[in-house]
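What follows is a set of notes on a single structure, which appears directly below.
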Amino acid sequence: MTIVFETWLAERFPATAQPAGKARIEEWRKAGAPPPLAWRSLAHLARSGGLLDLAIETLECGLAEAPGDDGLLADRACLATQVGDDDTARDLTARIIPGSPFRILPLLTAFEAGTHDDITELVAALGGLGQWDDGHDRLVKACRQAGRAGEGAGFVAQWMGRHGIAPMALVRAGEALLEAGQPEASLRMLQPIWQANEDSLAAMIGPCRPPTTLPDAIEAKIEHGLAAPPNPPFALPGAELSPDGARVLFVGAATNGGREVFPNDLAAHLAATADVAGGQLDLWLDDSTGKPLEVRAPDSAIAQRLAALAQHIERTRPDIVLLDCSWSPTGRGLSRDMVAGWKARFGFRLVCMFRDALKAAQSLMEYWAEISEGVLVFDPHSPALPAMGGKGVAIPVPALHPPFAPGTNDKGLLFVGGLAQPHRVMLLAALANRPLGLTLLIGAERKQRTANSADYAAHLARAGMVLNLAAHDQAERLVTGRVWESIACGALLLEQDGSGTEAFFTPWHHYLPWSHAGDIEGICRVLERRPDLRDAIASRALAFARDHYGPDKVWRAVLAAGREKPPSHQNQS
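In this note's numbering, the protein residues as written are 19 to 591.
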């Protein structure tokens with residue numbers, strides 16, 4: 019059979035996949051494994067490279083030889099779900115022997131995609147496995163994404179009752195319980211993990227038992243910060259440019275998130291900013307371009323959407339294409355060679371935008387910077403900026419536009435956002451167990467109550483204070499959109515200390531920094547008795563933002579990133 023696999027690899031797989039494919043075939047040969055495992059291994063290689071149609075064809079070859087192999091049926095069913103062929107997925111799953119562990123992945127994949135709601139079999143099958151693994155994690159996360167966090171927490175409780183405590187089971191239970199509105203139970207699960215990993219977590223959220231920060235000391239810092247002049251504003255390039263000097267096409271995904279989908283917020287911010295500034299912006303929003311591996315369609319359908327994008331560019335002839343680079347290129351979707359070819363044909367300049375310009379994203383940023391005129395980020399402290407060869411430009415998240423505007427701002431402390439990382443859940447569970455009046459808009463409730471920009475802005479405009487968690491890991495912090503949206507809505511920002519926000523605004527003058535839960539509690543105590551301080555800081559932050567980071571200035575900076583040559587003014591500080 020070796021020659022069969024080698025021929026299939028040589029004839030059907032791209033040259034870049036040949037070495038890995040040959041290694042997999044050799045590994046299979048040496049192991050003396052049955053042929054279905056070789057077909058599955060090659061299909062996995064194709065799938066990992068984003069070549070879903072090729073992965074399906076590879077598995078079909080295997081099924082032609084071994085139509086009853088549960089592994090082949092399971093892999094093929096998962097791919098059927100991934101490309102939106104749900105009837106085929108159900109038929110293939112039904113052919114797998116009842117009780118077989120190979121039924122777990124097809125059922126789990128379908129539940130994650132929202133095409134199979136009954137998790138009874140999954141709970142029984144995964145509940146019987148004594149080692150907590152990726153399948154257990156995925157089930158609990160999928161329950162949370164489906165608005166069934168309570169069921170996810172219940173599954174973890176059953177599993178631990180049967181098999182004992184596992185660290186990741188505690189973490190998943192804590193996440194699900196917080197989303198289910200049970201912060202006390204959530205903290206009981208998470209506190210042992212926090213204590214056991216305090217050395218690493220302290221840099222992200224402070225100690226598990228933080229020191230008390232005296233309200234009088236905080237009040238004195240605030241009064242001193244308000245009395246002192248603010249730091250100079252962060253310099254943005256492009257002041258000499260005309261806002262309508264270039265036609266810009268924004269290309270990105272239509273949505274953010276997975277099953278818990280939200281509209282593309284940066285696209286909306288840029289569109290509103292261009293409109294207020296008098297710029298020219300066209301939007302091409304399609305998940306096929308922004309997150310192609312999450313689109314439940316065959317590769318051929320993705321290719322058709324990319325062809326439609328090329329036709330749109332040819333017809334509209336933008337001066338600048340602003341590409342939202344929020345994914346890692348694979349064989350499915352946009353690639354650098356494809357975009358470079360379009361640049362040569364249609365004559366546009368390319369600006370690549372990175373939401374989270376972390377050190378881990380540097381290689382991806384360099385990949386796109388090679389063919390771009392500019393690289394746009396939202397964090398002046400990004401460790402990847404120096405590697406951009408003078409092309410990097412840091413700008414604010416452009417949120418100073420309707421519907422983001424001040425309101426009553428009298429509803430206490432608000433957190434709204436995702437819980438993608440355990441340290442966020444730990445801190446929020448701890449705060450929710452303190453008498454701070456904290457409102458959490460998370461999980462399914464967040465999706466229901468902030469489904470569009472107007473609803474989201476209305477919650478921020480009612481909040482007296484908005485809590486932001488900037489820590490991504492022990493070493494890096496992010497400047498999130500929430501910073502700018504909160505300030506635009508007249509709320510007082512409580513921002514984690516050490517983030518790039520301090521490049522745009524002055525701590526204790528425009529926002530209040532915190533390092534641990536004790537700081538946050540102390541701040542709340544002060545502002546409860548001194549609401550005038552809250553109003554003074556929030557109003558100064560908004561006025562400073564309007565003066566120095568308004569739509570016209572930000573839009574000119576976007577245009578500056580797409581100039582013919584790298585901007586002579588580099589703001590990579």
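Think of the CB as a built atom: it goes at the ideal place given N, C-alpha and C, for glycine as much as any other residue. The structure presented is a predicted model; accordingly, all values stated were derived computationally and were not measured.
Could you tell me which residues DSSP puts in a beta bridge with residue i?
i: E513; result: N486, P531
i: C507; result: Its beta-bridge partners do not exist; DSSP assigns none.
i: T457; result: L432
i: C370; result: L341, V393
i: P281; result: T273
i: R495; result: A489
i: P525; result: Y529
Candidates the options: which alpha carbon is nearest residue i's?
i: L147; options: T127, I115, E169, A187; result: A187
i: A107; options: D93, S118, I115, P119; result: D93
i: Q149; options: Q163, E193, P185, L352; result: P185
i: T99; options: C79, P119, L123; result: L123
i: H441; options: L512, T519, R190; result: R190
i: E29; options: E44, P255, E75, G68; result: E75
i: A128; options: A535, D109, I505; result: D109
i: P14; options: D105, R42, L81, T291; result: The requested residue 14 does not occur in the structure, where the chain is confined to residues 19 to 591.
i: A253; options: P414, D537, A61; result: P414
i: P2; options: I115, G102, D104, D105; result: An answer regarding residue 2 cannot be provided, because it is not within the stretch 19 to 591 covered by the chain.
i: K361; options: S346, D428, E582; result: E582
i: S533; options: P251, A41, I236, G499; result: I236
i: R574; options: A475, L144, L259, A271; result: L259
i: F372; options: V357, A479, G392, L208; result: G392
i: A272; options: D491, A448, E312; result: E312
i: A462; options: S471, D397, T231, V434; result: V434
i: L284; options: D342, D103, D305; result: D342
i: R495; options: A476, T519, A475; result: T519
i: G516; options: H490, E197, A379; result: H490
i: K40; options: Q466, I21, A220; result: I21
i: A475; options: F522, G425, L485, F523; result: G425
i: Q514; options: W345, R564, I223; result: I223
Could you tell me if residue i is buried or exposed, where buried requires 16 or more neighbouring beta carbons within 10 angstroms of its beta carbon?
i: G410; result: buried
i: R350; result: buried
i: K309; result: buried
i: S586; result: Below a pLDDT of 50, predicted positions are generally treated as unreliable, and S586, at 43, falls in that range; no measurement from the model is reported.
i: K48; result: exposed
i: P531; result: buried
i: M19; result: exposed
i: S591; result: A caution first: S591 carries a pLDDT of 41, below 50, which makes its placement in the model too unreliable to give a value.
i: Q213; result: exposed
i: Q36; result: exposed
i: G297; result: buried
i: E44; result: exposed
i: D135; result: exposed
i: H287; result: buried
i: T25; result: exposed
i: H419; result: buried
i: L27; result: buried
i: G365; result: exposed
i: H399; result: buried
i: P247; result: exposed
i: D217; result: exposed
i: H242; result: exposed
i: G256; result: buried
i: T468; result: buried
i: L437; result: buried
Just checking my contact of residue i with residue j at CB under 8 angstroms: how many whole Å lie between their CB atoms?
i: L352; j: T307; result: 6 angstroms
i: I331; j: V369; result: That belief does not hold up - the Cβ atoms of I331 and V369 are roughly 14 angstroms apart, past 8 angstroms.
i: A58; j: L90; result: Residue 58 is actually Arg in this sequence, not Ala. With 8 angstroms as the limit, R58 and L90 qualify as a contact, their Cβ atoms being about 6 angstroms apart.
i: V266; j: P336; result: 6 angstroms
i: V544; j: I240; result: 7 angstroms
i: L478; j: A509; result: 6 angstroms
i: W452; j: E539; result: This sequence places Arg at residue 452; Trp is not what is there. With a Cβ gap of about 6 angstroms, R452 and E539 count as contacting.
i: I389; j: A358; result: 5 angstroms
Confirm the yes/no value for this check: CB of residue i, any heavy atom of the ligand HEM, distance under 7 angstroms.
i: W46; result: Annotation note on the ligand HEM: not contained in the displayed structure, which lists no ligands.
query = Can you list the beta strand (DSSP E) stretches of 3 or more residues lying completely in the region 295-344, in chain order?
reply = 298-303, 338-342
Secondary structure, beta strand (DSSP E): runs of 3+ residues fully inside the region 396-454 = 410-412, 431-434
message = Extract the residue ranges of the alpha helix (DSSP H) inside the region 138-183, only unbroken runs of 4 or more that lie entirely within it.
response = 138-145, 152-163, 167-181
Alpha helix (DSSP H) runs wholly inside the region 232-279, at least 4 long, in chain order = 233-245
Length at least 4, wholly inside the region 536-591: the alpha helix (DSSP H) runs in chain order = 549-566, 569-579
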